[in-house]
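Going by numbering that gives the first Met the number 0, the residue at position 12 of the sequence shown is 11; the numbering climbs one at a time, nothing skipped.
Cβ atoms here follow ideal geometry from the backbone N, Cα and C, with glycine treated the same way.
Data first, discussion second: the structure below is written as C-alpha cells.
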Amino acid sequence: MEKTPQFFRNGPGPFARLLVFALLSCVLIAEDVRFKFFPQLRQTIGMLIHPLQKIAYFPATVYDQLEKFVGSFYLLEENAKLRQLYWDRREQLLKLEALEAENLHLRKLLGAIQQIQANIKTRTVLAEILSTPRDPFNHKITINKGSFHGIQLGQAVIDDKGIIGQVTQLYPWSAEVTLLTDKDHAVPVQVTRNGLRSIISGSGKNNELELRYLSVNTDIQRGDLLVTSGIGGVYPPGIPVAIVERIGHDPVGDFALIISIPVAGVERNRQVLVLSLVQSELNESGEVPAIEPGEE
C-alpha cells in the first residue's frame, strides 16, 4: 500500500524552539563568564577570516581611493583658480592704492600751486620723475618734460612740500634737474622767524644742506624754517627749502656750522612741478609770505 508523500513535515513547536534556544543562550553565557573559551575561538576565527574580509572590502576601498583622487584633482584645480584670482585682485588692489596715493599727492601739489599763486604770479608745468640717482655722489634727476613743453633752463622744481632743485640741462622731451643737496648748488633763503637772509648750499650728502658764512652769534635756532627769499629772480619767494637741524662751530674759521634738512625730497613721489616766475609780489610790509611745508 503506497503512502501519500508528506509535503509539510511537522517539527517542534514554537514554544519548544524558544525553550531550546533560551537554554542554549544560558549555556553560552555561562561558558563565556566561567571558562573564557569562546573569546579565544572568536579571535582565532577572526584571524582566519581577516584575509577574506580584506578581499571583500577591496572594491569599496578602491572606490574610496578613486573618489579621493578625483576630489583632490578638483580641489587642486579650484585652488589654482582661487590663487590666480587672488593675485589678480591683489594686483588691482596695489594699483588702486598707488592711484590713491598719487591722487593725494596731486591734490597736495594743487594746494601748493594755489598757495604760491596767491602770493606771486607763476607758471607751472606738471612733470614726472623718469630716473633718480643711484650713485650717492650724483644729485641729479631726470623729468619727462623738456623744451617742447615750455621748460627753460634755471626754472625751479618743487613738490607739495617745498623746493627740490633747479633745471640745469634741457632736452626736447626731458630735462635734468640738479637737486638742492648737490655741492655746487646754492639757493638764497630767508628765516621766517626773523627775516634773516643768507645762502644755503648743498653739502654733497643726501638729506643735508649747509648755511655758510654766518657768524657764531647769528640769531638762528634749531627748528627755524628757511624759505626762498626771491633774490636773484630764479626761485619764487616764500617757498619752503629746509629746517635747521643743528648748529655748531666751524673748526676751520670763525663761522657757525649750521646744518639743515630739506623739507622736500624726490624719494617720496613721482610728480613734481616746474615753476617759472612771471612777477614777484611782496606784501605791504616788505616781508616774503612763507608757505608752510606740506600745507594744502
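Query                                                                                                                                                       : Result
Per DSSP, Ile157 is paired with what?                                                                                                                       : Ile162 and Leu272
On the premise that Val156 lies in contact with Val271, defined as a C-beta separation below 8 Å, what is that separation, rounded to the nearest angstrom? : 5 Å
Which same chain residues, not among the five before or five after Ser284, have their C-beta less than 7 Å away from its C-beta?                            : Caution is warranted here: a pLDDT of 36 is assigned to Ser284, below 50, making its placement in the model unreliable, and the coordinate value is therefore given only provisionally. Nothing listed; no residue qualifies.
How about Pro261 and Val243: do their beta carbons lie closer than 9 Å?                                                                                     : no
Evaluate the contact criterion for the segment 164-173 versus the segment 207-227: three or more CB pairs, one atom per stretch, below 8 Å.                 : no
Taking the straight line between their C-alpha atoms, what separation do you get for Leu224 and Arg196?                                                     : 12 Å
Which two residues bound the contiguous beta strand (DSSP E) that contains Pro261?                                                                          : Ala255 to Pro261
State the beta-bridge partners of Ser197 as determined by DSSP.                                                                                             : Val188
Does the Cβ-Cβ distance between Glu207 and Leu256 come in under 9 Å?                                                                                        : no
Please report how far the alpha carbon of Lys204 lies from the alpha carbon of Phe147, in whole angstroms.                                                  : 33 Å
With H, G and I counted as helix, E and B as strand and the rest as coil, what does DSSP make of Ser284?                                                    : Below a pLDDT of 50, predicted positions are generally treated as unreliable, and Ser284, at 36, falls in that range; the measurement from the model is reported next regardless. Coil.
Arg245 to Gly161, Cα distance in whole Å?                                                                                                                   : 20 Å
Measure the beta-carbon distance from Leu296 to Gly194 and round it to whole angstroms, keeping in mind my assumption that it falls under 8 Å.              : No information on residue 296 is available, as it lies outside the stretch 0 to 295 that the chain covers here.
So, with DSSP's three-state summary, where would you put His148?                                                                                            : helix
Does DSSP put Leu74 in a helix, a strand or coil?                                                                                                           : helix
What would DSSP say about Pro58, mapped onto helix, strand or coil?                                                                                         : helix
Go to Arg245, then tell me how far its beta strand (DSSP E) extends in each direction, as first and last residue.                                           : Pro239 to His248
Can you tell me whether Leu274 is buried or exposed? The criterion is at least 16 other CB atoms within 10 Å of its CB, across all chains shown.            : buried
Can Lys182 and His138 be called in contact, C-beta distance under 9 Å?                                                                                      : yes
Using only alpha-carbon positions, find the residue among Lys53, Asp134, Thr141 and Pro135 that is nearest to Ile128.                                       : Thr141
With distances taken from CA atoms, which of Gln42, Gly70, Thr131 and Leu95 is nearest Asn268?                                                              : Thr131
By DSSP, does Glu291 sit in helix, in strand, or in coil?                                                                                                   : Low local confidence applies: a pLDDT of 45 at Glu291 is under 50, so the model's placement there is unreliable, and no value is given.
State the beta-bridge partners of Gln52 as determined by DSSP.                                                                                              : Per DSSP, none; premise fails for Gln52.
Could you check the C-alpha separation between Phe233 and Gly153 for me, to the nearest Å?                                                                  : The sequence shown places Val at residue 233, not Phe. Taking the straight line from one Cα to the other gives about 7 Å.
How big is the Cα-Cα spacing for Pro58 and Leu74?                                                                                                           : 24 Å
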